[in-house]
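Peer 1: Structure incoming, see below.
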Amino acid sequence: MIKKYISQLFNRSIISVSGSESRNFLQGLISNDINLVDSEKMIFSGMFNPQGKFFSDFFIFQPDKKNLDILYIDSNSNQTDDIITKLNTYKLRSKIDIKEISDKFSFFSIININKQIFLENDKNNLLKNCIIHNDPRLEKLGKKIYVPKELEERFINQFSNFFKKDFYEINRIQLGIPDGVSDIIPNKDFPLDFGYDQLNAISFSKGCYIGQEITARTHNRAKLKKKIFLVKSEQKLPDFNSQIYYKGNKVGKMLSKLCGTGIALLDKSLTEECIKNKEFLESDNIKITPYITSWN
91 MIKKYISQLF NRSIISVSGS ESRNFLQGLI SNDINLVDSE KMIFSGMFNP
141 QGKFFSDFFI FQPDKKNLDI LYIDSNSNQT DDIITKLNTY KLRSKIDIKE
191 ISDKFSFFSI ININKQIFLE NDKNNLLKNC IIHNDPRLEK LGKKIYVPKE
241 LEERFINQFS NFFKKDFYEI NRIQLGIPDG VSDIIPNKDF PLDFGYDQLN
291 AISFSKGCYI GQEITARTHN RAKLKKKIFL VKSEQKLPDF NSQIYYKGNK
341 VGKMLSKLCG TGIALLDKSL TEECIKNKEF LESDNIKITP YITSWN
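Sequential numbering of the sequence shown, starting at 91, is according to this note's numbering.
This is the structure in structure tokens:
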């Protein structure tokens with residue numbers, strides 16, 4: 091039986107970017123194509139530094155069907171202040187307004203609940219007041235729903251049978267999806283190593299943005315040495331950032347883990363050799379079995 095769950099996300103924030111130049115402004119900063127955003131579709135994107143290294147990631151959507159100039163950025167709350175500072179740094183004379191409006195929404199993730207099931211349980215017609223989008227990274231990540239703050243309690247009570255604490259995070263890690271705060275070090279890690287091209291965060295046809303040249307050059311040369319893998323162990327998985335080895339050679343490091351499954355950034359060639367030979371990786375005498383993700 092397919093599990094159908096809703097998780098409340100407590101670590102998200104909304105930044106509003108509005109004004110007649112909002113789209114052109116963001117287009118020159120983000121890694122994805124802002125022209126893909128409309129009232130029916132959100133995008134996953136990032137901002138990189140001039141060296142092509144990761145700075146932050148977020149989702150962008152258009153909350154008003156009729157107004158193309160208002161865009162919302164859904165970011166991890168730990169990155170929100172840095173993102174706003176970065177946007178204001180590049181704002182200059184652009185005709186835009188940037189402000190945080192996180193207090194207007196509550197954030198939820200919906201896994202394996204199709205629209206019909208949702209509507210059947212919407213006895214009080216609450217959903218017409220919510221914003222719902224498919225998670226643009228991967229279908230199995232489900233949908234993101236933004237509930238007006240004043241409707242939060244009613245929403246939770248109405249769909250209480252579907253709630254499961256931490257299921258979003260469990261699902262994310264079981265799918266091997268890296269998190270921009272938990273797994274990636276700003277101004278050090280390269281987004282392509284974490285599969286951001288495969289997670290629909292990067293457009294290679296949109297034109298210039300900060301970090302675009304190095305990102306495109308790396309992608310075109312197809313010389314990525316690292317890759318995200320799933321890892322499991324019959325022992326307790328090593329802690330975050332623990333070094334992982336294969337036959338005495340360092341192959342990478344441990345990232346997120348939960349409920350016996352983890353994510354690791356590993357040398358692509360050596361780890362695939364380990365999988366092919368049905369051998370183990372090792373970290374602090376812990377035997378680790380690596381697996382290839384379904385998306386990377």
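All C-beta atoms in this analysis are idealised placements derived from N, C-alpha and C, irrespective of residue type, glycine included.
Run through DSSP, which three-state label would residue 190 get?
Peer 2: If DSSP states are grouped into helix, strand and coil, residue 190 belongs with the strands.
Peer 1: Note down, one range per segment and in chain order, each beta strand (DSSP E) of at least 3 residues found wholly within the stretch 149–205.
Peer 2: Within the stretch 149–205, the complete beta strand (DSSP E) runs of at least 3 residues are 160–166, 187–190, 195–201.
Peer 1: So within the stretch 98–152, which uninterrupted beta strand (DSSP E) runs reach at least 3 residues, ignoring any that extend past its ends?
Peer 2: The stretch 98–152 contains these whole beta strand (DSSP E) runs: 102–108, 133–138, 144–151.
Peer 1: From residue 219 to residue 242, what does the alpha carbon distance come to, in whole angstroms?
Peer 2: Rounded to whole angstroms, residue 219 to residue 242 spans 11 Å at the Cα level.
Peer 1: Taking all protein chains shown into account, do 16 or more other C-beta atoms lie within 10 angstroms of the C-beta of residue 142, making it buried, or fewer, making it exposed?
Peer 2: Buried, because 16 or more other Cβ atoms sit within 10 Å of the Cβ of residue 142.
Peer 1: Taking the beta strand (DSSP E) that residue 333 falls in, what are its first and last residues?
Peer 2: Here the beta strand (DSSP E) through residue 333 covers 333–336.
Peer 1: For residue 125, count neighbouring C-beta atoms within 10 Å of its own C-beta (all shown protein chains included) and say buried if the count is 16 or more, exposed if not.
Peer 2: It counts as exposed.
Peer 1: Leaving aside the five residues before and after residue 271 along the sequence, list all residues of the same chain whose C-beta is less than 6 Å from its C-beta, in chain order.
Peer 2: Result list for residue 271: 166, 168, in chain order.
Peer 1: Hey, how far is the Cα of residue 115 from the Cα of residue 352?
Peer 2: The alpha-carbon atoms of residue 115 and residue 352 are separated by roughly 37 Å.
Peer 1: In three-state DSSP terms, what is residue 219?
Peer 2: DSSP places residue 219 in helix when its eight states are reduced to three.
Peer 1: Mind checking residue 140: buried by the 16 CB within 10 Å criterion, or exposed?
Peer 2: Burial call: exposed.
Peer 1: With a threshold of 16 other CB atoms inside 10 Å of the CB of residue 104, please say whether the residue is buried or exposed.
Peer 2: So residue 104 counts as buried.
Peer 1: To test your reading of the DSSP string, which unbroken beta strand (DSSP E) runs of 3 or more residues are found completely within the stretch 275–339?
Peer 2: With a minimum length of 3 residues, the continuous beta strand (DSSP E) runs that stay inside the stretch 275–339 are 316–322, 333–336.
Peer 1: Leaving out the 5 sequence neighbours to the left and right, which residues in its chain are closer than 6 Å to residue 91 when beta-carbon positions are compared?
Peer 2: Model confidence at residue 91 stands at a pLDDT of 41, short of 50, so the residue's coordinates are unreliable; what they give is reported in the following sentence. Excluding positions up to five away in sequence, the list is empty.
Peer 1: If you compare alpha carbons, which of 286, 209, 227, 233 is closest to residue 248?
Peer 2: The shortest C-alpha separation from residue 248 is found at 209.
Peer 1: Only counting the same chain, and skipping five residues up and downstream in sequence, which positions put a Cβ closer than 8 Å to that of residue 94?
Peer 2: So the list reads 201, 202, 203, 207, 252, once near-sequence residues are dropped.
Peer 1: Given a cut-off of 8 Å on the beta-carbon distance, is the pair residue 108 and residue 186 in contact?
Peer 2: A contact, by the Cβ cut-off of 8 Å.
Peer 1: Cβ atoms of residue 216 and residue 245: under 8 Å apart, would you say?
Peer 2: Yes. Within cutoff.
Peer 1: Taking the C-alpha atoms as reference points, what is the distance between residue 138 and residue 106?
Peer 2: About 20 Å.
Peer 1: Work out the CA separation of residue 232 and residue 347 for me, nearest whole Å.
Peer 2: Their Cα atoms are separated by approximately 20 Å.
Peer 1: May I ask you to report which of helix, strand or coil DSSP gives residue 351?
Peer 2: Three-state result, residue 351: strand.
Peer 1: Does the Cβ of residue 316 have 16 or more other Cβ atoms within 10 Å, making it buried, or fewer, making it exposed?
Peer 2: The residue is buried, with at least 16 neighbouring Cβ atoms inside 10 Å.
Peer 1: Could you check what DSSP says for residue 239 in three-state terms: helix, strand or coil?
Peer 2: DSSP places residue 239 in helix when its eight states are reduced to three.
Peer 1: If we count the other Cβ atoms within 10 Å of its Cβ and call it buried at 16 or more, is residue 291 buried or exposed?
Peer 2: Buried.
Peer 1: Taking the beta carbon of residue 256 as the centre, do at least 16 other beta carbons fall within 10 Å, making it buried, or is it exposed?
Peer 2: Flag for residue 256 reads exposed.
Peer 1: Note the first and the last residue of the continuous beta strand (DSSP E) segment covering residue 371.
Peer 2: Segment 371–373, the beta strand (DSSP E) holding residue 371.
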